[in-house]
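Visitor: Mind having a look at this structure? Questions to follow.
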Amino acid sequence: MSKYVYKWIDLDMNQGKIIEYIDQGKFICTLCLNDKINRLHLLTTSNREVNLSPKRAILISSTIIDTLKPREELLEKLKRTEETRSSLKAQIDVKELWELVRDEEESFDHKYLAQLVFGHTITDDHLSALVRALFEDHLHFKMKDGRFLPNSEEKVEQILKQKEEEALKEEWLEQGSIWLKDIQQGKKPEDPPFKDDIINLLVQLALYGNEEPDFKYGKELLSKAGISDIQESRNLLIKLGVWEEDENLDLLRLGIETSFTEKQLHEAVLLAETKCDFQGLEDLRDLPTFTIDGPLTRDFDDAVSLEIDGDTLHLGIHITDIGTVILPDSTLDREAKDRASSIYMPCRQIPMIPPNLSQDTLCLKQGCNRRAISLLTRFDKSGNLLDYRFVPSVIKVQQHLTYEEVNEILDKGDLPDTPGQLKVEGLSGLLKEMYQISQHLQQKRINQDALNLSLPELQIQFNKDSTLSLELVDQDTPSRIIISEFMILYNWLAARFCRDNQIPVLFRTQAEPSERLSIGEAGYMYYVFTQRRKLSRLQIVTTPNPHSGLGLDVYIHATSPIRRYLDLVDQRQIRAFLTGMAPICDEKKLGEIRITVEPVLKNIQILRRSRLRYWILKFLSQNKGKRFKAKVLDELKTKYRIVVNDLLLVAEIKRQDGIILTPGEEILVEVKSADPWDDLLKFSYKGSF
55 MSKYVYKWID LDMNQGKIIE YIDQGKFICT LCLNDKINRL HLLTTSNREV NLSPKRAILI
115 SSTIIDTLKP REELLEKLKR TEETRSSLKA QIDVKELWEL VRDEEESFDH KYLAQLVFGH
175 TITDDHLSAL VRALFEDHLH FKMKDGRFLP NSEEKVEQIL KQKEEEALKE EWLEQGSIWL
235 KDIQQGKKPE DPPFKDDIIN LLVQLALYGN EEPDFKYGKE LLSKAGISDI QESRNLLIKL
295 GVWEEDENLD LLRLGIETSF TEKQLHEAVL LAETKCDFQG LEDLRDLPTF TIDGPLTRDF
355 DDAVSLEIDG DTLHLGIHIT DIGTVILPDS TLDREAKDRA SSIYMPCRQI PMIPPNLSQD
415 TLCLKQGCNR RAISLLTRFD KSGNLLDYRF VPSVIKVQQH LTYEEVNEIL DKGDLPDTPG
475 QLKVEGLSGL LKEMYQISQH LQQKRINQDA LNLSLPELQI QFNKDSTLSL ELVDQDTPSR
535 IIISEFMILY NWLAARFCRD NQIPVLFRTQ AEPSERLSIG EAGYMYYVFT QRRKLSRLQI
595 VTTPNPHSGL GLDVYIHATS PIRRYLDLVD QRQIRAFLTG MAPICDEKKL GEIRITVEPV
655 LKNIQILRRS RLRYWILKFL SQNKGKRFKA KVLDELKTKY RIVVNDLLLV AEIKRQDGII
715 LTPGEEILVE VKSADPWDDL LKFSYKGSF
């Protein structure tokens, strides 16, 4: 401001004049003892002498005081001047002055405004009082070219609101920091009135760090509470009971919905109460039908059946038909599209469809009549496909089996009877035939250059003592091969059916890999990790093209309509054709659906990978110093990329002087440190073998 006010003053011969300047927001009243060209030597009311640049002078009086008078007399004169000006300032009603001139839409000099307040006859003291009052007000006037311009009424209201917000912010920071400090120290203080706002800020800081828009504000809050590390906001949220110890931060960052609204749940209840109409469906309820899933599965969406007629095997693959219940563009359909897929993570499942439907009304529950889109095939004893057809059907699952139970039956024969449980007659024989068919299907695909890149599934076990155990579950067991190959068969034949009948669907295609590798001396795991890098990107398109990874000419997904939205879309298209209806979606609409769903699916992949990695790192944090076998994948400039065998975890180790490792070499590494929260992991090399 002083560079504008400077126009009010004449800097020639200022010795003996009262000079005012601003220091730390306050007006300082001084007497000029000496005026040099670039420096004013001043006496303050506290009997201090200071030097001041002339540019900092705000007001210079017109009257002159004899500086040769005694020091006490000069100080007394200076103090009386200060008191007079302060007293006059107190008489000024800035708001009243503003109301007097605000509508004139022009700026005013300080002399004119002082005369409006005090009358025509004014002194240096009146001018100082006026300038002081306007400077301290910060509301009704602003400086422009050395003159005072009245703010508009809207501007005044805006400034008032801003001041209120700043005052509230200061109160917020003060009380909030005291509260957080007590929480940090393990106390149980009374909650402040804006607790929710503080918690929300802590959440944003923990999720986004310095990328959070209110980062500066949050950092100030924590600093006032004596907390220097912004990451401590995470621990505060745990202490407050807002977050659990293992809170899934990626779930929050990605904005993935974990619950359903009341409206969605209400619609789910109404749909569950709707009576199913089985008229016009092929009745397959007498077939020996069963499911094969994991022990915790509740959303059964596929079942299989087999009848043996001499040398002909009648294999049925049945997928629950949910498109007749969840209609296109309904409330639940829109929500399913937004979610794109159910999400399965260690110790948590987020369904795409409300559980009362996905785990009850729409799933293939044992002993219940259910609508399905069934693939009915005929195979000969050598495993050759003779013919097939798709039909809308009604089925009844007779038995739920787990993968482990099926493996045991194939190994030892039928399971012992369980009282009150339905059971498929001759189950052992049926499963053996199914396994032979699945082996034939798998070999046929391999002969067509399919890539077998399966690895065991890493399962997390949560122990009662809060420790973790990890287990690799083989995916190449007979039971898993049966289901895997039968689902691939269903999707392949469904894709052919749609292609041949010009049914618009979303095909899944994959071009040839950039290079096909062979399993060398480094072993299968090294081969899988290196071959996966050579794969072409999977594409979802509306035109049929080969899927090189599976060794098939065409492919779609239509076997998990409860769990995957695009499966539901394709199932509706097939059902519409089977029932003589027009397609639900044309190619343009399918493309729009794909564009909406694909980004969500990518986020879900990120979420699942990061969550699995979190639990692995937590396990490693509990096992510091433990050694693991690993394979060297790549030689980098300053380190090696490795895969830890028992964890299927890709990590890095630093190079060590004098030690040269080669890709494919098996080594031993030791856990030095692991932090699942900050995704930090450090292994050290402990030798080769």
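The sequence shown: position 606 = 660 (our numbering), numbered continuously. From the three backbone atoms N, C-alpha and C, an ideal C-beta is built for every residue, glycine too.
#1: Can you give me the Cβ contacts of Cys422 inside the same chain, cut-off strictly under 8 Å, excluding the 5 residues immediately before and after it?
#2: Given a cut-off of 8 Å on the beta-carbon distance, is the pair Arg139 and Asp77 in contact?
#3: Compare the C-alpha of Ile362 against each of Leu381, Arg393, Arg432, Arg339 and name the closest.
#4: In chain order, what residues of the same chain lie with their CB nearer than 6 Å to the CB of Leu65, ignoring the 5 residues before and after it?
#5: Mind reading off the beta-carbon distance from Arg553 to His601? Whole number of angstroms is fine, and I expect it under 8 Å.
#6: Write down every uninterrupted run of the alpha helix (DSSP H) in the stretch 451 to 512 whose length is 4 residues or greater and which is fully enclosed by it, in chain order.
#7: Where does Gln285 sit, in a helix, a strand or coil, going by DSSP?
#8: How would you write the range of the alpha helix (DSSP H) that Met635 sits in, first residue to last?
#9: In this structure, what does DSSP give as the bridge partners for Gln659?
#10: Count the other C-beta atoms from every protein chain shown that fall within 10 angstroms of the C-beta of His194, then say buried if there are 16 or more, exposed otherwise.
#11: Would you mind reading off the limits of the alpha helix (DSSP H) that contains Glu153?
#12: Counting along the chain, where does the alpha helix (DSSP H) carrying Pro204 start and finish?
#13: Buried or exposed for Tyr578, please, with buried defined as at least 16 other CB atoms from any protein chain shown within 10 angstroms of its CB.
#14: Measuring alpha carbon to alpha carbon, tell me which of Gly309, Lys693, Ile670, Asp163 ends up nearest Leu522.
#15: Figure out for me which residue from Phe172, Glu159, Leu214, Ser182 has the closest Cα to the Cα of Leu115.
#16: Exposed or buried, what is Arg424 when buried is set at 16 or more other beta-carbons lying within 10 Å of its beta-carbon?
#17: I'd like the ranges of any beta strand (DSSP E) spanning at least 3 consecutive residues and lying wholly in the stretch 73 to 150.
#18: In the structure shown, what three-state DSSP assignment does Leu701 receive?
#19: Let me know if Asn50 comes out buried or exposed under the rule of 16 or more other beta-carbons within 10 Å of its beta-carbon.
#20: Terminal residues of the continuous alpha helix (DSSP H) containing Ser538?
#21: Counting pairs of Cβ atoms below 8 Å between the stretch 453 to 467 and the stretch 426 to 441, do you hit three or more?
#22: With DSSP run on the structure shown, which of helix, strand or coil describes Pro653?
#23: Determine the burial state of Gly70: buried for a count of at least 16 other Cβ atoms within 10 Å of its Cβ, exposed for fewer.
#24: Could you give the DSSP three-state label for Ala684: helix, strand or coil?
#25: Thinking just about the alpha-carbon of each residue, which of Phe172, Val582, Gln564, Pro246 is nearest to the one in Ser572?
#26: So the alpha helix (DSSP H) Lys8 belongs to, where does it begin and stop?
#27: According to DSSP, Gly370 sits in a beta bridge with which residue or residues?
#28: In angstroms with no decimal places, state the Cα-to-Cα distance between Leu734 and Ile707.
#29: If we count the other Cβ atoms within 10 Å of its Cβ and call it buried at 16 or more, is Ile649 buried or exposed?
#30: Go through its chain and collect everything with a Cβ distance to Tyr442's Cβ below 8 Å, but skip five positions before and after it.
#31: Please identify the residue among Asp375, Phe551, Ala565 whose C-alpha is closest to the C-alpha of Arg617.
#32: According to DSSP, is Gln403 part of a helix, a strand, or is it coil?
#33: Just tell me which of Arg586, Val697, Ser727, Ser161 has its CA closest to the CA of Lys672.
#34: Assuming Ile346 and Ile537 are in contact, meaning their beta carbons sit under 8 Å apart, how far apart are those beta carbons, in whole angstroms?
#35: For Arg339 and Val358, I'd like the C-alpha separation in whole angstroms.
#36: What residue from Leu622, Leu290, Lys518, Gly263 has the CA that sits closest to Gly230's CA?
Guide: Let's see:
#1: What you label residue 422 is simply residue 368 of the sequence shown in a count that begins at 1. The residues are Lys450, Val451.
#2: As a first step, residue 139 is located in the sequence shown; it is residue number 85 there, counting from the start. As a first step, residue 77 is located in the sequence shown; it is residue number 23 there, counting from the start. No. Outside cutoff.
#3: One-based indexing of the sequence shown puts residue 362 at position 308. Selected option, being the one with the closest Cα: Arg432.
#4: As a working mapping, residue 65 is identified with position 11 in the sequence shown. Note that Leu65 has pLDDT 45, beneath the 50 cutoff, so the model's placement of it is unreliable and the number below is only indicative. Excluding sequence neighbours, Leu65 sits near Pro108.
#5: On the sequence shown, residue 553 is found 499 positions in, with the first residue counted as 1. On the sequence shown, residue 601 is found 547 positions in, with the first residue counted as 1. That pair is no contact at about 13 Å.
#6: 457 to 466, 481 to 501
#7: Taking the first residue of the sequence shown as 1, we reach residue 285 at position 231. DSSP places Gln285 in coil when its eight states are reduced to three.
#8: Counted from its first residue, the sequence shown places residue 635 at position 581. Where Met635 is concerned, there is no enclosing alpha helix (DSSP H), given that its DSSP letter is neither H nor E.
#9: To locate residue 659, count along the sequence shown from 1; it is residue 605. Per DSSP, none; premise fails for Gln659.
#10: As a first step, residue 194 must be located in the sequence shown, where it is residue number 140. Classification for His194: buried.
#11: Residue mapping note: residue 153 aligns to position 99 of the sequence shown, counting from 1. From DSSP, the alpha helix (DSSP H) with Glu153 extends over 148 to 155.
#12: Position 150 of the sequence shown holds residue 204. Taken as a continuous stretch (DSSP letters only), Pro204 belongs to no alpha helix (DSSP H), being part of the beta strand (DSSP E) at 201 to 204.
#13: As a first step, residue 578 is located in the sequence shown; it is residue number 524 there, counting from the start. When all chains shown are included, Tyr578 counts as exposed.
#14: To locate residue 522, count along the sequence shown from 1; it is residue 468. Measuring from the Cα of Leu522, the nearest candidate turns out to be Ile670.
#15: Taking the sequence shown and counting its residues from 1, the one referred to as residue 115 is at position 61. The amino acid at residue 115 is misidentified as Leu; the sequence shows Ser. With distances taken between Cα atoms, Ser115 lies closest to Ser182.
#16: Start at 1 with the first residue of the sequence shown, and residue 424 comes out as number 370. Buried, because 16 or more other Cβ atoms sit within 10 Å of the Cβ of Arg424.
#17: 80 to 90, 93 to 98, 103 to 106, 111 to 114
#18: Counting from one through the sequence shown, the residue named residue 701 turns up at place 647. Note: Leu701 maps to coil in three-state DSSP.
#19: No answer is possible for residue 50: it lies beyond the span of the chain, which begins at 55 and ends at 743.
#20: Locating residue 538 in the sequence shown gives position 484, counting from the first residue. Looking at the DSSP string, the run of the alpha helix (DSSP H) that includes Ser538 is 532 to 554.
#21: no
#22: In the sequence shown, counting from the first residue as 1, residue 653 sits at position 599. Pro653: helix per DSSP, three-state reduction.
#23: Counting from one through the sequence shown, the residue named residue 70 turns up at place 16. Result: buried.
#24: Residue 684 sits at position 630 when you count from the first residue of the sequence shown. Here Ala684 sits in strand by DSSP.
#25: On the sequence shown, position 518 is the one that residue 572 refers to. Measuring from the Cα of Ser572, the nearest candidate turns out to be Val582.
#26: Outside the displayed range of the chain (55 to 743) lies residue 8, so it cannot be described from this structure.
#27: The residue labelled residue 370 in the question sits at position 316 within the sequence shown. Answer is Ser359, Leu430, bridged to Gly370.
#28: If you number the sequence shown from 1, residue 734 lands on position 680. If you number the sequence shown from 1, residue 707 lands on position 653. Near 13 Å, if we compare the C-alpha coordinates of Ile707 and Leu734.
#29: Translated into the one-based positions of the sequence shown, residue 649 becomes position 595. Result: exposed.
#30: As a first step, residue 442 is located in the sequence shown; it is residue number 388 there, counting from the start. Taken in chain order, the residues that qualify are Leu429, Leu430, Thr431, Arg432, Leu547.
#31: Taking the first residue of the sequence shown as 1, we reach residue 617 at position 563. When each option's Cα is compared against that of Arg617, the closest is Asp375.
#32: Position 349 of the sequence shown, counting from 1, holds the residue named residue 403. Reduced to three states, the DSSP call for Gln403 is strand.
#33: As a working mapping, residue 672 is identified with position 618 in the sequence shown. If we check each option's Cα against that of Lys672, Ser727 comes out closest.
#34: Here residue 346 refers to the residue found at position 292 of the sequence shown. Here residue 537 refers to the residue found at position 483 of the sequence shown. Rounded, the Cβ-Cβ distance is 5 Å, consistent with contact.
#35: Against the sequence shown, residue 339 aligns to sequence position 285. Against the sequence shown, residue 358 aligns to sequence position 304. Using only the alpha carbons, I get a separation of about 12 Å.
#36: Locating residue 230 in the sequence shown gives position 176, counting from the first residue. Residue Leu290 is the option with its Cα nearest to Gly230.
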